[in-house]
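Here's the structure, in structure tokens; my notes come after.
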Ligand code: PHE
């Protein structure tokens with residue numbers, strides 16, 4: 162595809178909303194609250210915040226620089242700069258496949274819960290939500306809803322970068338913010354809200370800096386900002402020469418932090434008010450939340466609003482990793498976007514079906530893996546993304562000339578470049594050292 166014909170996002174706000182759309186998703190609204198619940202609430206929030214600021218933002222800037230400079234997909238972008246480094250792009254493709262293999266499944270759960278909130282069947286008299294969730298997972302409905310979700314994503318991607326991705330994000334993101342703020346206000350009036358706030362906002366420093374918490378929080382920082390797999394390379398390839406990369410990365414990170422914090426402020430007060438435990442794990446929002454909604458007036462309505470929120474957040478993220486694969490297939494294998502979109506959708510359906518239908522049981526590093534769901538989640542957030550992030554720092558900080566990064570993030574002197582040298586130090590020294598330290602320590606290497 163020639164540069165002239167290549168799509169690009171309209172304005173400044175679009176660049177932010179699209180990238181924030183990728184970042185804000187199940188990571189912030191489903192994954193963050195349950196991890197925070199398992200790792201001491203506020204302790205986790207604090208470490209996560211530090212990981213975002215010190216590690217994930219420099220990596221995002223590095224990816225932005227590669228994408229906007231080359232105007233290519235993840236593999237093509239790294240290859241254009243240095244042939245040997247296209248492998249980093251392939252790490253991203255592998256990671257996008259991993260995430261595609263399980264993310265749609267959870268997105269599908271949210272669709273099912275949305276439908277059952279609307280038709281009221283989720284709130285039938287005397288229902289036990291834990292049993293209901295187990296029964297639901299064992300039925301065929303997850304397959305149906307997962308495929309519906311993949312098709313929804315497909316329809317947006319097939320419309321293209323501007324009419325599909327950009328438009329969808331510009332509409333869905335503001336709705337998402339409004340719903341979340343609205344829910345946070347509603348929850349503040351619940352009886353034991355204060356206890357939830359305390360759990361989520363007063364950190365226990367000892368727990369915060371344990372290797373386990375650091376490892377999980379760093380993985381969450383990568384996952385929730387969509388960095389370490391070339392997603393931001395792909396999106397930045399549609400930025401124009403005026404896009405302010407530093408401003409965009411800060412806005413995206415702050416919006417993501419804002420949403421994750423708000424999600425915590427919705428979920429923990431509600432959990433404590435209902436006398437439940439915050440350590441429920443991945444099923445937190447599917448078991449605990451209905452339990453809470455059930456005692457509210459207009460339960461199905463609140464529940465429907467909440468699951469619309471989850472589905473919208475998920476959709477603006479699924480389009481981003483679908484696009485990573487679509488752009489890669491179209492550009493590297495010289496196929497039309499349409500064919501590439503269909504191929505990605507097909508591969509995604511197969512991967513999701515494997516996750517839904519195949520179960521096993523093995524242990525690795527004290528964690529039990531019972532389906533490809535667990536492997537994909539753990540493998541992407543805790544292994545592939547941190548590795549991708551580390552090598553992105555090495556590539557931009559050491560392999561490329563310093564001027565590459567500094568020029569890109571200051572738009573070749575168009576923007577005041579005072580912070581560029583400091584950010585360069587971050588991406589060259591601080592971020593890679595910290596990522597490696599947290600990674601090796603978390604894996605128990607030393
Ligand atoms: N950031 C997304 C979320 O939090 C997930 C994602 C990861 C999307 C990597 C794209 C790439 O839900």
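In our numbering, the protein residues as written are 162 to 607. Glycine included, every Cβ here is placed at the ideal spot set by N, Cα and C.
Burial state of residue i, where buried means 16 or more other Cβ atoms lie within 10 Å
i           : result
residue 436 : exposed
residue 600 : buried
residue 233 : buried
residue 273 : buried
residue 577 : exposed
residue 246 : buried
residue 494 : exposed
residue 537 : buried
residue 526 : exposed
residue 428 : buried
residue 519 : exposed
residue 299 : exposed
residue 410 : buried
residue 269 : buried
residue 573 : exposed
residue 553 : buried
residue 459 : exposed
residue 163 : With a pLDDT of only 43 at residue 163, under the threshold of 50, the placement of this residue in the model should not be trusted, and no figure is reported.
residue 316 : exposed
Whole-Å CB distance - residue i paired with residue j, under 8 angstroms assumed
i           : j           : result
residue 412 : residue 190 : With a Cβ gap of about 19 angstroms, residue 412 and residue 190 do not count as contacting.
residue 314 : residue 266 : Between residue 266 and residue 314 the Cβ distance is about 13 angstroms, and since that is not below 8 angstroms, they are no contact.
residue 416 : residue 185 : 6 angstroms
residue 485 : residue 391 : 6 angstroms
residue 311 : residue 513 : 7 angstroms
residue 148 : residue 464 : Residue 148 lies beyond the residue range present for the chain, which begins at 162 and ends at 607; the question has no answer from this structure.
residue 364 : residue 603 : That pair is no contact at about 19 angstroms.
residue 381 : residue 192 : 7 angstroms
residue 261 : residue 396 : At roughly 16 angstroms, the Cβ-Cβ gap does not stay under 8 angstroms, so residue 261 and residue 396 are not in contact.
residue 369 : residue 258 : The pair is not a contact, with the Cβ atoms about 33 angstroms apart (cut-off 8 angstroms).
residue 420 : residue 341 : 6 angstroms
residue 337 : residue 473 : 5 angstroms
residue 516 : residue 533 : 5 angstroms
residue 498 : residue 321 : 7 angstroms
residue 362 : residue 203 : 5 angstroms
residue 547 : residue 379 : 6 angstroms
Start-to-end residues for the alpha helix (DSSP H) that takes in residue i
i           : result
residue 217 : Unbroken run through residue 217: none, as it is neither H nor E.
residue 328 : 328 to 349
residue 417 : 406 to 434
residue 403 : From DSSP, residue 403 is part of no alpha helix (DSSP H); its letter is neither H nor E.
residue 356 : 354 to 362
residue 322 : No alpha helix (DSSP H) holds residue 322; DSSP gives it neither H nor E.
residue 253 : 247 to 279
residue 599 : 592 to 603
residue 479 : 460 to 493
residue 578 : Residue 578 -> no alpha helix (DSSP H), and no H or E assigned at all.
residue 451 : 450 to 455
residue 182 : 173 to 184
residue 366 : 366 to 369
Proximity test, Cβ basis, 8 angstroms: residue i and chain C
i           : result
residue 217 : Within the model displayed, chain C is absent; a lone protein chain is all it includes.
- Could you give the uninterrupted runs of the alpha helix (DSSP H) lying entirely in the segment 501 to 565, keeping only those of 4 residues or more? 533 to 539 and 546 to 555
- Message: Count Cβ pairs between the segment 582 to 601 and the segment 552 to 562 that sit closer than 8 angstroms; are there 3 or more?
- Response: They touch, by the three-pair rule.
- Message: For a minimum of 3 consecutive residues, which ranges assigned as the beta strand (DSSP E) are wholly contained in the segment 191 to 237?
- Response: Taking only runs of at least 3 residues, no beta strand (DSSP E) segment lies wholly in the segment 191 to 237.
- Check whether the segment 352 to 359 touches the segment 580 to 588, counting contact only when three or more Cβ pairs, one atom from each stretch, lie closer than 8 angstroms. no
- Query: What are the start and end residues of each continuous beta strand (DSSP E) run of 3 or more residues lying completely inside the segment 373 to 397, in chain order?
  - Reply: none
- Which parts of the segment 284 to 314 are runs of the alpha helix (DSSP H), unbroken and 4 residues or longer, counting only runs that do not cross its ends? 290 to 299
- Query: Pairing CB atoms from the segment 251 to 266 with CB atoms from the segment 383 to 400, are three or more of them under 8 angstroms?
  - Reply: yes
- Item | the segment 471 to 489 / the segment 500 to 514 touching (three or more Cβ pairs under 8 angstroms) | yes
- Message: Taking contact to mean 3 or more Cβ pairs, one atom from each stretch, closer than 8 angstroms, check whether the segment 547 to 557 and the segment 217 to 229 are in contact.
- Response: yes
- Between the segment 562 to 574 and the segment 458 to 478, do at least 3 Cβ pairs fall closer than 8 angstroms? no
- Evaluate contact between the segment 192 to 201 and the segment 430 to 446, counting only Cβ atoms and requiring at least three cross-stretch pairs below 8 angstroms. Taking 8 angstroms as the limit for Cβ pairs, the verdict is that the segment 430 to 446 does touch the segment 192 to 201.
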